[in-house]
Amino acid sequence: MTYGIIRKDFVIPANDFTIAGEASSCVKKMLIQLGVDPQKVKKTAISMYEAEINAVIHANGGIAEVEIDRNKILIRIKDDGPGIPDLELAMQEGYTTAPDSIREMGFGAGMGLPNMRRYADKLEIRTEVGKGTIVEITVFLTDN
Amino acid sequence: MKVREFAEQLNMEILTGQKGLEKDVMGMYICDLLSWVMSHASKGDAWITVHTHVNIVAVALLVDIPCIIIPEGIVVEEATLNKASEEDIAILRTSKTAYQIAYEAGKLL
Ligand SMILES: Nc1ncnc2c1ncn2[C@@H]1O[C@H](COP(=O)(O)OP(=O)(O)O)[C@@H](O)[C@H]1O
Ligand SMILES: [Mg+2]
């Protein structure tokens, strides 16, 4: 690939399911255009979508910062939401605090954080109760 | 098999635009938990779901699902149909249950 560093920011609006996922779809299209390996596109798209949806349903929206260079795709999803009091508990498959109204829409299966851990090559979460959460997803484009 | 032929063979109503009908259907996936679909469905799967809100289109796009099948004649929001047409994802509908659809699709695919 022959591009330098590509940076793109997205706003993730609060409680708007009509556009939730838009940022992830847009990044997916970018990666395909750049000729990124389909398997890596998939890993990125799934983990970013989960983080984006979490910002929408748990944290009143936020922003996504995307950085792509020769070696990696870096996605940072930041919100000023309530934060996660017990991250280890939240990482467990099936754990959710999503209300029924959200679960009825098919969200809130408690699989978002586990999916991020599974599909991201590196996952870093910084969260503080009352302040917000930063989720950083890295997918490496080169081996080693 | 192309979505167009798949829809015709199974007698399904096509609710979206023409452009979404030229993709290939290679398999099928049935689930209503979006996170589960994201991580378990495969590229080319026709996806049966009872959800009709606009976010099903985002999920389909992310996993390369060519068409979404709405069973049991459920009404689909206009916004979802518009978004799907825009993104070339076909939405098909039938009065059959997920089981009946899968049974018939299994003989075709
Ligand atoms: N950005 C966030 N802000 C606040 N809480 C969050 C955030 N992301 C996740 N959580 C908490 O962690 C739980 C588990 O998240 P996740 O695994 O994505 O499952 P789900 O979104 O289906 O509930 C959520 O129910 C919520 O309590
Ligand atoms: Mg989630």
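Quick mapping for you: the protein sequence lines, in order, are chains U and H.
What the first sequence shows, in this note's numbering, is residues 1 to 144, in sequence order.
What the second sequence shows, in this note's numbering, is residues 1001 to 1109, in sequence order.
A virtual CB, placed ideally from N, CA and C, is assigned to each residue, including glycine.
Task: Continuous alpha helix (DSSP H) assignments of at least 4 residues falling wholly in the region 2-55 of chain U - done: Runs of the alpha helix (DSSP H) inside the region 2-55 of chain U: 22-33.
Open item on the list: Against chain U, which members of the region 1068-1095 of chain H pass a CB distance test of less than 7 Å?
Closed with: 1079
Task: Which of helix, strand or coil DSSP assigns to residue 140 (chain U) - done: In this structure, residue 140 (chain U) counts as strand in the three-state DSSP scheme.
Task: Nearest-angstrom Cβ-Cβ length linking residue 60 (chain U) and residue 98 (chain U), presumed shorter than 8 Å - done: In fact, because the Cβ distance is near 14 Å, the residues do not count as touching under 8 Å.
- [ ] Would you mind giving the Cβ-Cβ distance between residue 1066 (chain H) and residue 1023 (chain H), rounded to the nearest angstrom? I have them listed as a contact below 8 Å.
- [x] 4 Å
Open item on the list: Taking the straight line between their C-alpha atoms, what separation do you get for residue 1084 (chain H) and residue 1055 (chain H)?
Closed with: 10 Å
TODO: Check the Cβ of residue 28 (chain U) against every Cβ in chain H and list those closer than 9 Å, keeping chain order.
DONE: 1061, 1062
Open item on the list: Are the CB atoms of residue 139 (chain U) and residue 40 (chain U) within a distance shorter than 7 Å?
Closed with: yes
TODO: Quick one: using the 10 Å Cβ neighbour count with 16 as the cut-off for buried, is residue 42 (chain U) buried or exposed?
DONE: buried
Task: Supposed contact pair residue 65 (chain U) and residue 9 (chain U) - C-beta distance, whole angstroms, cut 8 Å - done: 5 Å
Task: Shell residues, 6 Å Cβ cut-off relative to heavy atoms of ligand 2 - done: U:50, U:53, U:54, U:112
Task: Contact belief for residue 1069 (chain H) with residue 1046 (chain H) at Cβ below 8 Å, rounded distance in angstroms - done: 6 Å
Task: residue 1032 (chain H): CB within 6 Å of a non-hydrogen atom of ligand 1 - done: no
Open item on the list: Taking CB distances under 7 Å as the criterion, tell me whether residue 1040 (chain H) reaches chain U.
Closed with: no
Open item on the list: Assuming residue 1012 (chain H) and residue 46 (chain U) are in contact, meaning their beta carbons sit under 8 Å apart, how far apart are those beta carbons, in whole angstroms?
Closed with: Incorrect: roughly 28 Å between the Cβ atoms, too far for contact.
Open item on the list: What are the residues in the region 31-63 of chain U lying within 7 Å of chain H by C-beta distance?
Closed with: 45, 46, 49, 50
Task: Element boundaries [beta strand (DSSP E), containing residue 65 (chain U)] - done: 62-68
TODO: Give every residue of the same chain whose Cβ lies closer than 6 Å to the Cβ of residue 79 (chain U), excluding the five residues on either side of it in the sequence, and list them in chain order.
DONE: 55, 59, 62, 132, 133
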